[in-house]
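A.B. asks: With our numbering applied, the sequence shown closes on residue 164, and no number is skipped along the way. All C-beta atoms in this analysis are idealised placements derived from N, C-alpha and C, irrespective of residue type, glycine included.
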Amino acid sequence: MNENVQHIKKFVIFGSSYTGKTYVASRFQEIQYNSYIETIGVDFNVVNFKQLPLLAHIHGKLQMWDTAGLDRFININPSYYRNAAIILIVFSFSDLYSFQKCKEYAQNAFKYCQQAQILLIGNHFQENCVVSVDEAVDFAHFNNFQFFELNSSNFEQLKTLVQKNVLKTIV
-6 MNENVQHIKK FVIFGSSYTG KTYVASRFQE IQYNSYIETI GVDFNVVNFK QLPLLAHIHG
54 KLQMWDTAGL DRFININPSY YRNAAIILIV FSFSDLYSFQ KCKEYAQNAF KYCQQAQILL
114 IGNHFQENCV VSVDEAVDFA HFNNFQFFEL NSSNFEQLKT LVQKNVLKTI V
């Protein structure tokens, strides 16, 4: 691997409103997440590979795009898929609609960005689950996505999984 090359990898987070996309983005950047503020359009941040243990030896940056989940912003989302290396599709186990919308996000990923590493993230931040883990696993398997069940105690595992997928796009 050429150490003089700076790798810039686009990392986009899609999903319906209130599914935890901004929480994931803020935790990934090690920013304190205090309360929900609705994303308008997209929030953009950059994380230097040096901040990420598995990528620290590589010269590069991760561009994080935290997209709005409201349906009124769905028409601008296709431009965010282009050139993405990593796509997270986030849903809440307590929101059936958010899981059903994953199909639309998956179709757009296939249409606009076939080369991306895609992860389906099921977020457990409320108790009343209406989507089963089996349904999520089946959907991920059918679409050839990786699946990760996120809860308050395993975020570091998700961070490691994302870093491993970034490595796949470099080597």
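Do you know how far the Cα of residue 73 is from the Cα of residue 32?
C.D. replies: The count along the sequence shown starts at 1 and reaches residue 32 at position 39. The count along the sequence shown starts at 1 and reaches residue 73 at position 80. The alpha-carbon atoms of residue 32 and residue 73 are separated by roughly 15 Å.
A.B. asks: Closer than 6 Å by C-beta to residue 172: which residues in its own chain qualify, once you throw out the five before and the five after it? Chain order, please.
C.D. replies: Residue 172 is absent from the model: the chain starts at -6 and stops at 164.
A.B. asks: Starting from the C-beta of residue 91, find all residues in its chain whose C-beta is less than 6 Å away, skip the five residues before and the five after it, and write them out in chain order.
C.D. replies: Taking the first residue of the sequence shown as 1, we reach residue 91 at position 98. Only 9, 12, 84, 85 meet the Cβ criterion.
A.B. asks: Specify the secondary structure class of residue 97 as computed by DSSP and reduced to three states.
C.D. replies: Within the sequence shown, numbered from 1, the residue matching residue 97 stands at position 104. Correct three-state label for residue 97: helix.
A.B. asks: Going by alpha carbons, who is nearest to residue 16 out of 145, 122, 49?
C.D. replies: Position 23 of the sequence shown holds residue 16. The residue with the shortest Cα to Cα distance from residue 16 is 145.
A.B. asks: Please state if the CB of residue 110 and the CB of residue 169 are separated by a distance shorter than 8 Å.
C.D. replies: Past the edges of the chain, shown from -6 to 164, lies residue 169, and the structure says nothing about it.
A.B. asks: With a Cβ-Cβ cutoff of 8 Å, do residue 87 and residue 130 count as a contact?
C.D. replies: Sequence index remark: in the sequence shown, residue 87 carries index 94 (1-based). Sequence index remark: in the sequence shown, residue 130 carries index 137 (1-based). Taking 8 Å as the Cβ cut-off, residue 87 and residue 130 do not qualify as a contacting pair.
A.B. asks: So within the stretch 100 to 132, which uninterrupted beta strand (DSSP E) runs reach at least 3 residues, ignoring any that extend past its ends?
C.D. replies: Here the runs fully enclosed are 110 to 116.
A.B. asks: Where does residue 39 land, buried or exposed, given buried means 16+ other C-beta within 10 angstroms?
C.D. replies: Position 46 of the sequence shown, counted from the first residue, corresponds to residue 39. Flag for residue 39 reads exposed.
A.B. asks: My assumption, with CB atoms under 8 Å, is that residue 95 sits in contact with residue 77. Please give the rounded CB distance.
C.D. replies: The residue you call residue 95 lines up with position 102 of the sequence shown. The residue you call residue 77 lines up with position 84 of the sequence shown. Between residue 77 and residue 95 the Cβ distance is about 16 Å, and since that is not below 8 Å, they are no contact.
A.B. asks: Give the DSSP-derived three-state secondary structure of residue 163 in the structure shown.
C.D. replies: Within the sequence shown, the letter at position 170 stands for residue 163. DSSP places residue 163 in helix when its eight states are reduced to three.
A.B. asks: Going along the chain, which residues of its own chain have a beta-carbon closer than 8 Å to the beta-carbon of residue 165, five neighbours each way excluded?
C.D. replies: As displayed, the chain neither begins before -6 nor continues past 164, which places residue 165 out of reach and without an answer.
A.B. asks: To the nearest angstrom, how far is the alpha carbon of residue 41 from that of residue 163?
C.D. replies: Position 48 of the sequence shown holds residue 41. Position 170 of the sequence shown holds residue 163. Rounded to whole angstroms, residue 41 to residue 163 spans 15 Å at the Cα level.
A.B. asks: Helix, strand or coil for residue 0, going by three-state DSSP, please let me know.
C.D. replies: By 1-based counting over the sequence shown, the position of residue 0 is 7. Looking at residue 0 - three-state DSSP - the assignment turns out to be strand.
A.B. asks: Checking 8 Å against the spacing of the C-beta atoms, do residue 138 and residue 112 come in under that value?
C.D. replies: Residue 138 sits at position 145 when you count from the first residue of the sequence shown. Residue 112 sits at position 119 when you count from the first residue of the sequence shown. Cβ atoms of residue 138 and residue 112: closer than 8 Å.
A.B. asks: Run the CB neighbour count on residue 121, radius 10 Å, all protein chains shown included, and call it buried at 16 or more, exposed below.
C.D. replies: Taking the first residue of the sequence shown as position 1, residue 121 is located at position 128. By the neighbour-count rule (16 or more Cβ atoms within 10 Å), residue 121 is not buried but exposed.
A.B. asks: Kindly indicate which three-state DSSP category residue 49 falls into: helix, strand or coil?
C.D. replies: Numbered from 1 along the sequence shown, position 56 holds the residue referred to as residue 49. In the structure shown, residue 49 sits in coil (DSSP, three-state: anything other than H, G, I, E or B).
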